[in-house]
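Residue numbers (this note's numbering): 3 to 336. Data block below; observations after.
Okay, structure coming up:
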């Protein structure tokens, strides 16, 4: 009887400890990867936005909305990446602890680049000539419908291509290994505040994760060493954190950092840049329309950059695989 009582007490104690693990939600797969690394075997965070979706505009599925409503702790990049998500979170019935990573004072932020051609000051990118006959080229493959593009087109028409609607800073800050290391520590601290019984585990996991990022950075430096002088053109200006971290030279981008659809004049400027500077490689992303990729690249080498991990299994090591795969894409396309 005493043995049975002890077993019941052990079960109740264990259940109580497990109940203290916070219900955690993250916005994008790279952040999910970092949070999962810190939580380890104690729990698994929920991912709101699938890695193959476009975070700038996304409609939550019912199951994803339910996860958000039940969350006790939310890690997200911020309004600059997912403006729609802030509006959604303000209407949550349950008050969760929300951590906006772009808003942390420790986060290193870079301003949006305002031109098509990086370092070319004569390019002010003003454009009023969007036309419907090329609209099929602008669509991102599989993620936007015609109505959305008409809405996006109307939003951007009447202004310059260098207008950014959601803040002055580039939101793709997870592509900086230094930022990721800072966030691991913040994630561990936040989890420890809500679950002090496991503070030692969270802090140890974060420290191990930081060491793993250092190793990944060393690996990437070796991968990119042979191509440091190669100039690239990218479809989406999302990579300057990666560029500055590893010294890669990107000469221009088809779309600005907010992933707005490129105008005909912007396409012409990029094509001129490719010819003028002898660009040999054009790098797109998985969601871009193959017609547009072919129209821009012609006979040039092409590659795929996957900054969200659309082609990577969602797990703690996704962040490392994502950065390594990007480095390999740059190196292979040179």
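Using N, Cα and C, we set each Cβ at its ideal position, and we do this for glycine too.
query, result
"What is the DSSP secondary structure of residue 97, counted as helix, strand or coil?", "coil"
"Out of 215, 24, 250, 102, point me to the one whose CA is closest to residue 173's CA.", "102"
"Touch check for the segment 226 to 244 and the segment 316 to 336: three-plus C-beta pairs under 8 angstroms?", "yes"
"Let me confirm a value: residue 177 is counted as buried when at least 16 other C-beta atoms fall within 10 Å, else exposed. Which label applies?", "buried"
"Just to confirm before moving on: does the CB-CB distance between residue 189 and residue 213 stay below 8 angstroms?", "no"
"Quick one: residues in its chain with C-beta nearer than 7 angstroms to the C-beta of residue 312, no 5 flanking neighbours on either side, listed in chain order?", "53, 54, 288"
"Taking the beta carbon of residue 322 as the centre, do at least 16 other beta carbons fall within 10 Å, making it buried, or is it exposed?", "buried"
"Answer yes if the segment 291 to 307 comes into contact with the segment 265 to 283, meaning at least three C-beta pairs across the two stretches below 8 angstroms, and no otherwise.", "yes"
"Report, in whole angstroms, the separation of the C-beta atoms of residue 186 and residue 36, which I expect to be a contact under 8 angstroms.", "6 angstroms"
"Residues in its own chain within less than 7 angstroms of residue 80 by CB, not counting five upstream and five downstream?", "102, 103, 104, 105, 173"
"Looking at C-beta atoms only, is the number of pairs between the segment 82 to 94 and the segment 240 to 247 that lie closer than 8 angstroms three or more?", "no"
"Can you tell me whether residue 325 is buried or exposed? The criterion is at least 16 other CB atoms within 10 Å of its CB, across all chains shown.", "buried"
"Output needed for residue 339: all residues of its chain with C-beta closer than 8 angstroms, excluding positions within five of it in sequence on either side, in chain order.", "This structure cannot speak to residue 339, because the chain is shown only from 3 to 336."
"Decide yes or no for the touch test of the segment 22 to 31 against the segment 66 to 75: beta carbon pairs closer than 8 angstroms, at least 3 of them.", "yes"
"Which residues in the same chain as residue 215 place their Cβ atom closer than 6 angstroms to its Cβ, once the five residues preceding and following it in sequence are excluded?", "179, 182, 183"
"Leaving out five residues before and five after residue 254 in sequence, what residues of the same chain have Cβ atoms less than 7 angstroms from its Cβ?", "118, 119, 120, 235, 272, 275"
"Is residue 189 helix, strand or coil by DSSP?", "helix"
"Using DSSP with H/G/I as helix, E/B as strand and the rest coil, what is residue 200?", "helix"
"Which same chain residues end up closer than 6 angstroms to residue 100 when comparing Cβ atoms and leaving out the 5 residues on each side of it in sequence?", "76"
"Mind checking residue 332: buried by the 16 CB within 10 Å criterion, or exposed?", "buried"
"Taking just the CA atoms, how far does residue 248 sit from residue 112?", "15 angstroms"
"Locate the alpha helix (DSSP H) running through residue 321, then write down its first and last residues.", "320 to 335"
"If you draw a straight line from the alpha carbon of residue 211 to that of residue 221, how long is it in whole angstroms?", "15 angstroms"
"Can you give me the Cβ contacts of residue 318 inside the same chain, cut-off strictly under 7 angstroms, excluding the 5 residues immediately before and after it?", "35, 38, 39"
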